[in-house]
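Worksheet: the structure to be examined is printed underneath.
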Amino acid sequence: MRLDLYLIGLLLVAAFSHASWNAVLKSSGDRLFTMTTVMGIGVIFYGPALFFVDVPPLDVWPFLIISFLLHLGYFFFLTYAYRQGDLSAVYPVARGCSPLMVAGGAALFAGQALGPVATAGVVAASIGICLFAFEKGMPTRHLMKPLMMAFVVSCFIASYTVVDGLGLLRSETPYGYIAWLNFLDGIPLLIWVFVAKGEAYVRFLKTDGRKAAMGGILAMVAYGLVLYALSVGGMAHVSALRETSVLFAVILGAVTLGEKFGPIRWVAAVAIVSGVTALQLS
């Protein structure tokens, strides 16, 4: 199932936005409060939007609820993984393993089986993405824990991607699903932080709120576009193209921080581009 050119454009915007908000989270002095603000932006934006979209049908709500719970696990383990390890190690593994799992889940639960060329494309893209984590060689013992956490994160990513894809396939329009999911995602964390750490969070907002809010806007744009793409495109194709966010993150580092684009990065970049191209041409 090839993606239309406009969907490719939307997913590349989503990938860039995703890489940017993860950089905001990693660079934050308080990742819990930053994540709370990121989630809060979705609540603020999508809350009023609920009055203008259709309520999802009853048979879609189980998918919404399961996805909501999976997102809670994703945000918890992502924050924990960034606390334990560096962005350059955690992010590629977290994002790179999920396309393979999404491809398997899409084939098993949605009948979206891939042919040999498309399967090779997903494998190449996933390997290329994960390669960025090993640019400095094999991980040392102290990196094993954050890498394991990153793999757990990738399992959550793959799970909620497939669940969202299934829910959107059953939705009459994607907009109600998108609005309700993004609204529900932020409520538990907002309530807990305000109850348990309200004064400290208010102080954080005064000093770092603007930067965290920008991360929230980027996150909202990123997954909103992905959800829309899942409603009209194949899950494996959407997942693989979305995870090019890792390549965007590396390019951003090279352009803004002067990081070298060494041999491993070139091999990884070629593998990602080749994999995505094979998927699109299959």
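So the sequence shown is numbered by numbering that gives the first Met the number 0: it starts at 0 and just counts up by one. Just so you know, even glycine gets a beta-carbon here, dropped at the ideal spot from N, CA and C. Predicted model, so just to flag it, every value in this text is computed and none were measured.
In the structure shown, K259 falls within a coil segment according to DSSP collapsed to helix, strand and coil. Here DSSP, grouped into helix, strand and coil, assigns L9 to helix.
In the displayed model, S27 falls within coil according to three-state DSSP, outside both helix and strand. For A211, the enclosing alpha helix (DSSP H) stretches over residues P173 to V231. Only residues of its own chain outside the window of five on either side were considered, and among them A18 have a CB closer than 6 Å to the CB of A248, listed in chain order. Excluding its 5 nearest sequence neighbours in each direction, G120 has C-beta neighbours in its own chain below 6 Å: G274, A277 and L278, listed in chain order. Taking a contact as a CB-CB distance under 8 Å, the pair V237 and V220 does not count as one, their CB atoms being some 15 Å apart. When secondary structure is reduced to three states using DSSP, G110 falls in the coil class, being assigned neither helix nor strand. For K25, the number of other beta carbons within 10 angstroms of its own is at least 16, and it is reported as buried. V42 carries a helical assignment under DSSP once its states are collapsed to helix, strand and coil. With a 10 Å radius around the Cβ and a threshold of 16 neighbouring Cβ atoms, W179 comes out buried. For V121, the enclosing alpha helix (DSSP H) stretches over residues P115 to L130. According to the DSSP assignment, R169 belongs to no alpha helix (DSSP H), since it is labelled neither H nor E.
Secondary structure of S281 (DSSP, three-state): coil.
One Cα belongs to V122, the other to E171, and the distance between them is close to 32 Å.
Look at V269 here: in three-state DSSP terms it is helix. Under the three-state reduction of DSSP output, K135 falls in the coil class, being neither helix nor strand. Just measuring C-alpha positions, the residue of I128, W191, P187 and Y176 sitting nearest V89 is I128. Closest in C-alpha terms to Y81, from the list V269, V23, S158 and G223, comes V23. Closest in C-alpha terms to Y79, from the list A102, P145, A109 and S125, comes P145. In its chain, beyond the 5 residues on either side, P56, D58, V59 and F62 have a beta carbon closer than 8 Å to the beta carbon of R169.
Sixteen is the threshold: when 16 or more other Cβ atoms of the shown chains lie within 10 Å of the Cβ of A124, as they do, the residue is buried. Close CB contacts of F150 within its chain, under the 8 Å cut and outside five residues either way in sequence, are with V92, A93 and C96 (chain order). DSSP places P91 in the helix class (H, G or I) of the three-state scheme. The three-state secondary structure of D163, taken from DSSP, is helix. P56 sits in coil when the DSSP states are folded into three classes, being neither helix nor strand. Between the stretch 179–193 and the stretch 32–40 there are three or more inter-stretch CB-CB distances shorter than 8 Å, so the stretches are counted as touching.
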